[in-house]
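Residue numbers (UniProt numbering): 1 to 339.
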């Protein structure tokens with residue numbers, strides 16, 4: 001279940017490549033990155049220009065297309081959240097920046113049709129503005145999102161956690177390099193080889209470098225925590241901060257809910273889907289620069305799992321905090337006889 005089978009966990013939701021959308025929102029509102037030319041259909045270009053591009057249909061009404069449709073035939077939740085935030089960003093002034101968003105996934109997305117994003121200007125205050133977005137297919141909402149924007153304000157009241165001490169990304173292998181090492185093993189079972197080749201074939205628009213990646217072929221239980229460096233592929237540049245926040249919303253859904261599965265690797269996953277997704281944006285960052293994604297799951301039960309995440313800049317500044325709950329249904333793996 002999910003678009004990217006990150007080596008460090010099962011991913012949280014939905015995806016597989018399709019043709020890129022050629023439409024973009026008005027650059028004067030969100031700001032446009034200076035993007036290098038690239039071949040058509042290459043999702044490894046800037047996410048802000050392809051996966052998160054929207055077509056304006058009317059005032060506060062936009063259409064988004066899909067770029068990943070997984071084997072589950074559901075849309076990738078990170079793209080829907082990211083596009084909803086793009087739509088909300090068009091309805092506020094350039095000086096207002098998003099500080100939080102809260103989304104509920106209410107229906108599975110249909111990969112056969114585009115998604116309409118309908119924005120409601122819920123409140124515009126002196127310091128804060130709230131925008132509500134419905135992502136609609138077949139006349140029904142598939143996601144409901146509320147985003148709050150704030151004008152910059154200085155405050156002497158500041159504190160944050162300390163970033164975990166980890167090796168820098170330059171000293172680690174990418175997910176593709178780790179998979180290539182597994183595939184070089186002549187004794188690798190065919191079922192694992194097929195699985196890894198399938199992962200390698202996916203056109204992922206994100207660079208991922210797991211820290212202490214687990215053995216993906218073992219069923220040993222692990223602590224419900226994982227760390228990996230992550231960044232958007234392609235150049236985004238010094239665009240409006242809203243652009244980087246939208247890309248971070250896309251990135252944040254990768255391998256996130258799968259953190260709750262790490263202590264339960266003796267089970268086969270039958271069904272896993274996100275219920276809600278929340279983010280809080282604390283400090284400016286570049287989504288096309290390496291950030292450390294720290295994920296942990298404090299609780300699972302009742303066929304649900306809860307995960308928390310923190311995106312750290314390389315200089316130790318906490319940039320984004322995330323939370324997600326999802327449905328997780330599993331079945332016990334069959335026990336093999338030792339005889």
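Glycine included, C-beta positions come from ideal geometry on N, C-alpha and C.
For clarity, every value in this text was computed on a predicted model and none was experimentally measured.
Tell me whether residue i is buried or exposed, calling it buried when 16 or more other Cβ atoms sit within 10 Å of its Cβ.
i	result
residue 87	buried
residue 245	buried
residue 138	exposed
residue 193	exposed
residue 66	buried
residue 320	buried
residue 191	exposed
residue 22	At residue 22, the pLDDT of 31 sits below 50, so the modelled position is not reliable and the matter cannot be decided from this model.
residue 209	buried
residue 58	exposed
residue 285	buried
residue 3	Low confidence applies here, because residue 3 scores a pLDDT of 34, under 50, leaving its location unreliable and the question unanswered by this model.
residue 283	exposed
residue 96	buried
residue 301	exposed
residue 91	buried
For the alpha helix (DSSP H) containing residue i, list its first residue and its last residue.
i	result
residue 245	241 to 251
residue 86	77 to 89
For the beta strand (DSSP E) holding residue i, just list the boundary residues, first then last.
i	result
residue 146	140 to 151
residue 133	128 to 137
residue 208	206 to 211
residue 263	Careful: residue 263 lies outside any beta strand (DSSP E) and carries neither H nor E.
residue 105	96 to 105
residue 310	304 to 313
residue 58	54 to 58
residue 232	225 to 232
residue 284	Run containing residue 284: none; DSSP gives neither H nor E here.
residue 62	61 to 64
residue 298	291 to 301
residue 74	It is not in any beta strand (DSSP E) - residue 74 carries neither H nor E in the DSSP assignment.
residue 120	115 to 124
Please state if the CB of residue j and the CB of residue i are separated by a distance shorter than 7 Å.
i	j	result
residue 250	residue 109	no
residue 326	residue 261	no
residue 278	residue 102	yes
residue 75	residue 114	no
residue 196	residue 183	yes
residue 135	residue 84	yes
residue 147	residue 204	no
residue 239	residue 287	no
residue 275	residue 160	no
residue 297	residue 224	yes
residue 272	residue 211	no
residue 310	residue 290	no
residue 93	residue 236	no
residue 127	residue 280	no
Mind reading off the beta-carbon distance from residue i to residue j? Whole number of angstroms is fine, and I expect it under 8 Å.
i	j	result
residue 312	residue 306	21 Å between Cβ atoms; not a contact.
residue 332	residue 264	Contact flag wrong, Cβ pair sits at about 10 Å.
residue 226	residue 295	5 Å
residue 143	residue 106	7 Å
residue 243	residue 82	The pair is not a contact, with the Cβ atoms about 10 Å apart (cut-off 8 Å).
Using a C-beta cutoff of 7 Å, does residue i count as contacting chain D?
i	result
residue 278	No chain D is present in this structure, which holds just one protein chain.
Residue ranges of each beta strand (DSSP E) within the region 169 to 199, 3 or longer: none
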